[in-house]
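Quick note on the UniProt record's numbering: the sequence shown kicks off at 1 and runs consecutively. Beta carbons are placed, not taken as given, at the ideal position from N, Cα and C, and that holds for glycine. Note that this is a predicted model, so its numbers are computed, not measured.
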Amino acid sequence: MNMDYPFHFDPRGRVADTGDDEHVRDMIEQLLFTSPGERVNRPDFGSGLLQLVFAPNSPELAAALQFTLQAALQRWLGDVIDVGKLEVSSEDATLRVDLSYTVRASGDTRSDSFVRSLP
């Protein structure tokens, strides 16, 4: 059983579950938007993406962010996915990550967008 993210209950009052492909997407989303130090038992888990949102945009920042996310995805989900294309953009207080990846277990190639609006 794969618990759905974010955690919630289904209409029957049970823990909501999800399919394998959606579970992989949920794991990517958790990794991208978790800051290192946020998890007590895994202080180095996360990507640090949210820390760079308000930094001034520059080609250097974009390259650093691309490298940081690629490394985090490889470290934490390298046994689950193969990363294809990765693009990060930010406009005002909205952060968007476009990712193409292949799920290793099924061989399916997927493209997803992860969007987070900051307060």
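Check: What residues match up with F9 in a beta bridge as DSSP calls it?; Outcome: V15
Check: Is the separation between the beta-carbon of D26 and that of T34 shorter than 8 Å?; Outcome: no
Check: Would you mind sorting A63 into buried or exposed? The rule is 16 or more other CB atoms within 10 Å of its CB.; Outcome: exposed
Check: Quick check on this structure: which residue in D79, R75, A16 has the alpha carbon closest to the alpha carbon of Y5?; Outcome: A16
Check: Ends of the alpha helix (DSSP H) at R25?; Outcome: 20 to 32
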